[in-house]
Every structure is written in C-alpha cells, then in structure tokens.
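Asker:
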Amino acid sequence: MSAPQQNQLEALGLSANCADVVRHLWDYLDDQLTPDGAERLHAHMASCETCRGYSDYQSCFLEAVARLRARLDAPESLRAKLAEGLKSEGCSCWEDVTKDRASG
Amino acid sequence: MTMLASPRTSPAAPTVDAPRVSDASAAASSVSTVANAQRDVEFAREALPWLDDVYRFAHSLTRDEADADDVVQETYLRAYRSWHTFIPGTDCRRWLFTICRNVFLRSRERQRPTVDLEDGEQDALAAGSVYAAARESGYDDLYARLDIGPALRDAIDELAEPFRTAVVLVDVEDLSYESAAEVMDVPIGTVRSRLFRGRRLLQEKLASLAAEYGLAPAVAGSTR
Chain E
0 MSAPQQNQLE ALGLSANCAD VVRHLWDYLD DQLTPDGAER LHAHMASCET CRGYSDYQSC
60 FLEAVARLRA RLDAPESLRA KLAEGLKSEG CSCWEDVTKD RASG
Chain P
0 MTMLASPRTS PAAPTVDAPR VSDASAAASS VSTVANAQRD VEFAREALPW LDDVYRFAHS
60 LTRDEADADD VVQETYLRAY RSWHTFIPGT DCRRWLFTIC RNVFLRSRER QRPTVDLEDG
120 EQDALAAGSV YAAARESGYD DLYARLDIGP ALRDAIDELA EPFRTAVVLV DVEDLSYESA
180 AEVMDVPIGT VRSRLFRGRR LLQEKLASLA AEYGLAPAVA GSTR
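First to last, the sequence lines map onto chains E and P.
So the first sequence is residues 0 to 103, counted in numbering that gives the first Met the number 0.
So the second sequence is residues 0 to 223, counted in numbering that gives the first Met the number 0.
#1: Compare the beta carbon distance of residue 181/P and residue 97/P with 8 Å and say whether it is the shorter of the two.
#2: By alpha-carbon positions, which one of 70/E, 23/E, 77/E ends up nearest to residue 73/P?
#3: Assign residue 193/P to one of three DSSP states: helix, strand, or coil.
#4: Answer with yes or no whether the minimum CB distance from residue 157/P to chain E is below 8 Å.
#5: Among the residues of its own chain, which have a CB less than 7 Å from the CB of residue 226/P, if the five just before and after it don't count?
#6: When you compare the CB positions of residue 140/P and residue 199/P, do they come within less than 8 Å of one another, or not?
#7: Looking at C-beta atoms only, is the number of pairs between the region 56 to 63 of chain E and the region 46 to 60 of chain P that lie closer than 8 Å three or more?
#8: Answer yes or no: do residue 176/P and residue 166/P have a C-beta to C-beta separation smaller than 8 Å?
#9: What is the DSSP secondary structure of residue 88/E, counted as helix, strand or coil?
#10: Strictly under 8 Å for the Cβ-Cβ distance: is residue 53/E near chain P by that measure?
#11: Measure the CB-CB distance between residue 156/P and residue 62/P and report whether it falls below 8 Å.
#12: Answer with yes or no whether the minimum CB distance from residue 105/P to chain E is below 8 Å.
#13: Can you tell me whether residue 197/P is buried or exposed? The criterion is at least 16 other CB atoms within 10 Å of its CB, across all chains shown.
#14: Buried or exposed: residue 36/P, going by 16 or more other Cβ atoms within 10 Å of its Cβ?
#15: Between the region 33 to 53 of chain E and the region 79 to 99 of chain E, do at least 3 Cβ pairs fall closer than 8 Å?
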C-alpha cells in the first residue's frame with residue numbers, strides 16, 4: 000500500500016484490520032474475492048460494527064442502482080418502429096416485437 | 000437449347016424418376032423457407048425478450064431518447080441479419096449488448112474509449128471517505144431511507160464514459176465482470192477499475208445532492 004493510501008486510512012480512523020474491508024468490500028460484494036479472502040473479510044465484519052455499517056451502506060447503494068433496471072423500458076413507439084423494420088427485412092416474427100416483454 | 004442429359008440406366012436399375020429442375024428448385028426453396036422460419040422463431044425467442052434491456056443500455060450510452068431509439072433499431076436489424084453468427088446456448092443479451100455498443104461507437108464516429116485506470120483501490124478508499132463523512136454527519140442510511148432512483152438515474156447519465164458503461168453493465172444490467180469485459184472489449188481488470196471509479200463518482204454526486212437539498216451537510220473534499 001502506498002504512503003498516501005496509508006495516510007487516507009489513518010485519516011478515516013480505521014484500524015489495519017478494517018483497511019482490507021475498505022479496500023476490498025466492492026470485490027467482496029461483487030463475488031470477486033478468493034474464498035479465503037472472502038472468508039477473512041466476512042469474519043472481520045462479523046466482529047466489527049463499523050465495517051458492518053460500511054457493508055450495509057455499500058449494499059444499499061448497489062441495490063438502489065440495481066433497482067434502476069425496472070425503471071426504464073423500451074417505449075411503444077420504438078417497438079412499433081422496430082416491428083416495421085423487421086417486417087421490411089422479411090422477418091416473420093415482427094409482430095412479436097409489440098407482444099414480448101423482457102423476461103430477464 | 001442445351002438439353003440435360005438423362006442418367007444412363009440399365010433395365011435392372013430402379014425406375015425412380017430423376018427429379019426435374021423445377022422440382023429441385025422448389026425443394027430448395029422449400030428448405031430455405033423452413034430454415035428462415037426456424038431462424039425467425041429462434042430470433043423471436045432469444046433476442047426479442049431483451050429489447051427493454053438493450054434499450055436501457057442504449058439510453059445509457061446515448062443519453063437521448065431519440066438517439067437510443069435509433070441505436071436499438073439498428074442493433075436489432077443487424078442482429079437479425081447476422082443471426083447465423085449467434086451461437087445457440089450462449090448469452091444472447093451479452094451478444095446484443097456488444098452489437099449495441101458497436102452501433103453506438105460507429106454512430107458517434109469516434110474511437111473506443113481508451114481510459115485505463117489501474118488503481119481501483121484508490122477509488123475504493125475515496126468511497127470510504129465519502130461514507131466516513133456521511134456517518135459522522137448521521138446520514139449514512141440515506142440510501143436506505145430515500146428513494147434515490149431518479150437522482151441516481153440522472154447521476155449515471157452524467158457519468159463520463161467509460162465509467163458509465165461499466166456501471167450500467169455490471170450494476171444495473173447485472174452482467175459479470177467477464178461478460179462486461181467482452182462487451183466493452185477490455186480486460187477484466189479494466190472493467191473493475193472503471194466500475195470502481197464510476198461507483199465512487201456516483202456516491203460523491205449523491206452526497207453533494209443530499210447536501211444541496213438540505214438532506215445532509217456538505218461533503219468536504221468531494222472530487223470528480
């Protein structure tokens with residue numbers, strides 16, 4: 000870890016044990032850590048209220064971003080235009096464009 | 000006029016009639032029709048259900064409804080024309096996102112973004128600073144208390160490329176780092192660093208907005 004980063008952690012009032020959580024919480028929440036690394040963070044958070052709070056905060060943020068997925072659908076005008084485009088390409092399923100909705 | 004030669008047959012040979020040219024042509028046409036119908040069924044089943052997802056992605060790229068419409072239209076027409084290149088059983092949404100991004104980049108006649116940030120850790124630490132300020136001021140549960148969706152959507156729209164694409168693909172559309180890397184045509188480590196920068200910028204923006212609306216004190220040291 001670089002000296003400026005070390006200073007940043009000290010400025011946050013974090014112990015060395017909390018440092019790994021701050022540095023790697025996003026990796027942890029994204030399931031990108033090795034099992035050993037994830038277990039180490041998990042074990043620390045179980046015993047550290049500050050880090051649990053930080054984990055909750057970041058989880059809430061990521062959940063809020065993920066909820067945006069349900070907020071914006073393709074407008075009907077686009078569906079109608081695309082249906083016409085596919086029809087002119089000879090696609091026999093062009094009518095399905097205005098019927099189908101995302102299943103993901 | 001050139002006559003087609005009849006196959007030589009011995010008297011003992013089977014007496015099945017050779018197909019006439021018009022029959023062969025009709026058969027080929029019939030096979031082609033069946034193949035096209037099959038293609039259309041597969042296209043409708045695999046590609047069309049992702050229209051909303053592709054639209055969201057296109058909207059995040061263009062930040063304009065009319066431009067997003069054009070990009071989506073072109074994406075799906077290209078996908079239909081090149082459906083034979085889609086490998087059955089693979090992730091069709093990822094395939095469509097890749098086409099969509101290419102359509103967008105070509106429409107803007109610009110090179111792919113080349114910003115590479117190696118140090119995602121620095122952004123993680125900066126996000127920790129934002130949280131520390133929030134906790135100190137007692138609004139660290141802001142994300143849980145308020146519907147930040149509209150503000151978040153605006154903040155994402157304001158994010159610079161390539162951070163916006165990374166956030167949209169991974170955090171909104173729930174693609175894995177590997178899939179996002181394929182769509183963005185960059186290494187996985189680059190997805191991570193762009194994603195972390197995007198998240199950090201979003202959290203700083205939201206903290207600033209919270210302060211602006213009197214929901215929280217001003218955040219010192221917020222950077223873009």
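For every residue, glycine included, the Cβ atom is placed at its ideal position computed from N, Cα and C.
Answerer: With the given structure in hand:
#1: Taking 8 Å as the cut-off, the Cβ atoms of residue 181/P and residue 97/P count as close.
#2: With distances taken between Cα atoms, residue 73/P lies closest to 77/E.
#3: Residue 193/P falls in the helix class under three-state DSSP.
#4: Chain E, which has no Cβ nearer than 8 Å to the Cβ of residue 157/P, makes this no.
#5: In the structure as shown, chain P starts at 0 and stops at 223, and residue 226/P therefore has no counterpart that could be examined.
#6: No, Cβ-Cβ distance for residue 140/P and residue 199/P is not below 8 Å.
#7: Touching, no.
#8: No, the Cβ-Cβ distance between residue 176/P and residue 166/P is not below 8 Å.
#9: If DSSP states are grouped into helix, strand and coil, residue 88/E belongs with coil.
#10: Yes, residue 53/E counts as interfacial toward chain P.
#11: Going by beta carbons, residue 156/P and residue 62/P fall inside the 8 Å limit.
#12: Not an interface residue.
#13: The C-beta of residue 197/P has 16 or more other C-beta atoms within 10 Å across all chains shown, which makes the residue buried.
#14: By the neighbour-count criterion, in which a residue is buried when 16 or more other Cβ atoms sit within 10 angstroms of its Cβ, residue 36/P is exposed.
#15: By the Cβ test, the region 33 to 53 of chain E is not in contact with the region 79 to 99 of chain E, since fewer than three Cβ pairs between them sit closer than 8 Å.
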